[in-house]
Every structure is written in structure tokens, then in C-alpha cells.
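Numbering (my numbering), first residue to last: 1 to 593. For each residue, glycine too, the CB sits at the ideal point set by N, CA and C.
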């Protein structure tokens, strides 16, 4: 701690290994606490470590990280433990911007948001703003407007020069715009030479680009760059030889604007101050609004499962009250499993009570015993289920098994609470009654309710509204196709689920590629995990899992095993589908290197 405090006001490149490690491990801690998988946590830590000349080797589990960092001279091992885990997609997104801001200001290229350097700077410098998504959209609009004005000014200058040359009869001279373009092209070549040996940049660009131009960086894309590339100087240096030498080959290079007398390099304190703002950001949505989002998400979920209007009404009331209570209890830092049991118990009771009240006016509502299962679905641990499967796909079994065990524990507590309510009020869920709708109307309604449901789950994950809408669009397409394949083609639910998850991964990859290539605005470049998991969490077979527990509690082991294996087969198809999509679109997933 003394070494860190001594170096707080030093530039990061001049700080000791302990201070550098504090920034690296803290970024990993924040990413892990936001619910992402261990492979993304390691990737983020490497992106922070490489620019400062540090090699990091980290063991990442569900709630702890043990990281050993070395700069070729000294080694530091830091261990951090989180009290609990959760999901915060806004934090995952902000950490991507922070990593790019950190890298660019230390003389390297932006990796993730390669067209949004100005947007990243604006966002990271204003993390105290509540709605940073709106801030990034405003910055992107200003960047596009500046580019348009510069382009028009350049065209005007070219026309003026051409007219002057024609009148005077002189030989046309090269315009200032052309000269600037040549200078920028020369700078691009220098930038590519500098970044050619950067393994972190090379890995990230291999993930996002699938053609011969996939390795271009922000400086290497003059058409989509928001401002001229910064001049970059280098000096001769002797990188260390031996183990981990490739991690220090850039040490000694100057920052891109180090020659500027007003240039102030990033200090360790400044890095931690921005991480403080990311860590202590309040949730985007109040408990009441999150409860409303949960209500419409679970009501939509019930419709997609085959429920009718009364079933949706009961699930709406139960899930809204249940998630609101869960948010309030989590604010008091109570145990997750206790909170899950209480929230589900209250949600199931509220759903059943709502149907009993409706039954006073329409007795048919009393027959809807299955609706309370839909009211429980807001506790589905979608993120640990999916990220656990992805970790296993990356041969990270300790983290993957821990995440799956955590998800199973949450499901167990939820189903036990639902079973307790069923025993108290004497419920006997046998499934939903047929909807009896026209197939075309059913397909349209499925698309609408899938969109609304995924939007609701995204709000529960604390996604900004633009991210919610993108995830909802992907989920509406994939879940509707999954259900239509099952009904119209008699496709097994497991196969349809795999296709839906695979397609969600492809659509998220296409979205990211469109942003990087300038087809979509740069402020819409969201991490794929923040788009894919909310879009497929609505495919989790919550009905299957509850019925397995219901029959198990009645000691009907044959029916319990039948529903449990059905749930298991569907669940494993979700991460497998996403993993196959990553293999098809990411070279780092395609090869074991």
C-alpha cells in the first residue's frame, strides 16, 4: 500500500509495479463484479497491462481474482474477493471505453471503439453524468457534423483552387486538403508499423474483422476517423530478452503527443478516480421502474410459453412486486439466496391473489394455476448460466463450474419457494390452455412480446436504453424464429434453441462489425455479451425447471427426471449456440493459441 500511495501522482508509465498492478486488478474486479465471464475479465486485464509494460497471469473465479504481475524486474501478486456477484451491463460497456481511453493516452491505438476516440474521451472524462449513453450519442452527432463541415470546406477549397488556376492559366497546385491527406496516409503507415507487434491490438482486431482488411485500427481508417491522427514519435530502446519479452517491447516509446508542452500524461490517481466513478455509479433505473420492467418481461414470457390474458395479468402483478422487493432487499446487502426465496415467495403469492380477485368477477380465472410460475421467472440467472457455459467452452472449468453451480443454487431456491406457495394454496399447475389464435397473428404477437420481454430483462440488467433496444431487436427475431420452427416444422425444442442462440450470436457480431466499419454510428458499439445474453435469456426453460422441482417434491421421480432432462438439454444448447457463433466469427475462439 505504501508503494501505491507513493506513486499515486506519478504518470502510470513511471509508477512502480505495485501501482500499475492496482489499476490492472481493479479493472478486472469491476468487470468480474458486473457479471461477465472469466475469459473477458482476463482479456480486459491484458488490455490494461500491455500499454504499461506488464505481463499479468490471473486465476479468475466467480467472486475472486488472483493475479501475478511482472514488469521484467519485479513481481507482485494481488488477490481480491468480491462479497457477491451480480449483473451490470452498463459497467461492462463503460469499462470497454475506459480501456480504450487508457490505451490511447499511453500511445497505443483504440482497440474496441476504433472509430470513436473522441467519443471515448468525452465519455470517460464525464463519468459523473447520469446518462452517459445520451452523452456519447451527442458526441457522435457532433463528430459527424464536424466531419461534414471539414469535407465541405475541403471541397470548397479544391473548387476555388481549380477556378483560380483556370483563370490564371497556371499549373494547378496541390491543395491543402490533399497535402493533409498525404500526411495522414504517411502517419497511417507509421502507425501500422508501430502496432504490428502489439498482441492485444492484433487479437482484438482478429476478433472483429473477418476479411483482409480486418486489422485496420483507428489510425488506419482515415475515412471513418473523427479527427486527424496524432503525430507519434519513437526512440531507440532495448527491450528485455527472455521470458515475457514480447510484453515489454514497446517500453521506451513516447506517448503520441508527448512533445506537446501542454501534454499531461495519465497518473495512477487519475486512472483510479475514473474507476471510482464507474464503480460507484448509481443504477440507471429506480426500483419501481425496474419492477415495472420485470412485470412486462415476465408477462411477455408467459405469453411466449402459451399463456393467456389472465395468466399474463397474474404474472405481471407478481413479477413486478417480487422484483421491486428484491431490489430493495439487495440495497440492504442481504444474502442473495435468502432474498431470492423471499422475493419469489411474495411474487407467487401476489400472482395467485390477483387471479383470486379476478375470479370474483370471472370464475374461469381460478383455473389458471400455472400463471404463478411465470411470476417467478424474473430470478432466472441468465448471465451466470450463459457465461458459465462460455467459460467451459474456453477450457476454463473452475470458473465455468462455479458459475453453473451458482445458477443452479438460485434456481433451486426459486423453485423451492414456488413449490411452498403451491402447497400452501393447494395449486396444481398442469400447463397453459391452448391460445387458439391464428398462426399469422400468433407469429406477430410473438415478435412483439419477445421484443418487450427482452427489453424488460435488459432494463433489469441495467442496460442503457439504446442497448436495451438493440438487444430487444435481436431477441425478437431469434425467439420468434425459435418458436415458429418448433410449431410449424415440428423441430425439437433443443435444436430450435440452439439455432436461436447461434443466430443471436451472429446478429450481435454483425452489429459490432457494422459499427466498426462505419455503417452504424460509433456510439452504438456495445459489447456482444451485453446484447446476446439478454436476447436469449427469454429462451431459458423456466417452466421445465419448475415442473421438475414440483414433481420431485411430490416424490414423482420419473416425471421429475423427465422434466429435468428436458430443461438440461435446452439450457446447454444456449451457451453452445453462442460459442459456435463466436467460433464462426472470432479467430481467437476458432483456434487454440
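In the structure shown, residue 51 adopts helical secondary structure according to DSSP, grouped into three states.
Judged by their CB atoms, residue 573 and residue 498 are nearer to each other than the 8 Å cut-off.
About 11 Å separates the beta carbons of residue 365 and residue 351, which is beyond the 8 Å limit, so they are not a contact pair.
Annotation: the continuous beta strand (DSSP E) that includes residue 67 extends over 64-70. Each of 7, 70, 346, 514 was checked against the Cα of residue 424, and the nearest Cα belongs to 346. With respect to residue 473, residue 378 sits apart: the two C-beta atoms are not nearer than 8 Å. Of the candidates 443, 516, 348, 452, the residue whose Cα lies closest to the Cα of residue 546 is 348. By a beta-carbon distance limit of 8 Å, residue 522 does not contact residue 92. Their separation comes to about 17 Å. One Cα belongs to residue 439, the other to residue 483, and the distance between them is close to 11 Å. Residue 374 and residue 408 have their C-alpha atoms spaced approximately 18 Å apart. The DSSP-derived three-state label of residue 59 is strand. Around the beta-carbon of residue 107, 16 or more other beta-carbon atoms lie within 10 Å, marking it buried. Straight-line measurement puts the Cα of residue 77 at about 33 Å from the Cα of residue 533. Assigned with DSSP and collapsed to three states, residue 24 falls in helix. Ranking 444, 340, 320 by CA distance to the CA of residue 329 puts 340 first.
Contact between residue 571 and residue 541 holds, since their C-beta atoms are separated by about 7 Å, short of 8 Å. Here the alpha carbons of residue 465 and residue 102 stand approximately 26 Å from one another. Each residue's CA atom was taken as its position, placing residue 431 and residue 303 some 12 Å apart.
Between the segment 495-510 and the segment 454-464 there are fewer than three C-beta pairs closer than 8 Å, too few to call the two in contact. For residue 80, there is no enclosing alpha helix (DSSP H); the residue is part of the beta strand (DSSP E) that begins and ends at 75-81. When DSSP states are grouped into helix, strand and coil, residue 11 belongs to the strand group. In the DSSP assignment, residue 323 falls within the alpha helix (DSSP H) that extends over 309-330. Unbroken alpha helix (DSSP H) stretches of 4 residues or longer found wholly inside the segment 426-499: 439-460, 465-488, given in chain order. Note that the C-beta distance between residue 457 and residue 538 is below 8 Å. CA-CA distance, residue 63 to residue 391, rounds to 14 Å. A direct Cα-to-Cα measurement between residue 21 and residue 122 gives close to 26 Å. As for any alpha helix (DSSP H) of minimum length 4 sitting wholly inside the segment 106-136, the runs are 117-125, ordered along the chain. With respect to residue 443, residue 478 sits apart: the two C-beta atoms are not nearer than 8 Å. Each of 117, 284, 57 was checked against the Cα of residue 90, and the nearest Cα belongs to 284. Ranked by Cα distance from residue 480, the first of 445, 41, 67 is 445. Taken through DSSP and simplified to helix, strand or coil, residue 267 comes out as strand. Counting C-beta pairs with one atom in each stretch, the segment 544-558 and the segment 412-426 have three or more that are closer than 8 Å, which means they touch. Note on residue 586: 16 or more other CB atoms within 10 angstroms of its CB, so buried under the neighbour-count rule. Straight across, the Cα-Cα distance linking residue 433 with residue 369 is about 11 Å. In this chain, the alpha helix (DSSP H) harbouring residue 583 covers 557-585. Inter-residue distance for residue 94 and residue 278 is about 7 Å (C-alpha atoms, whole angstroms).
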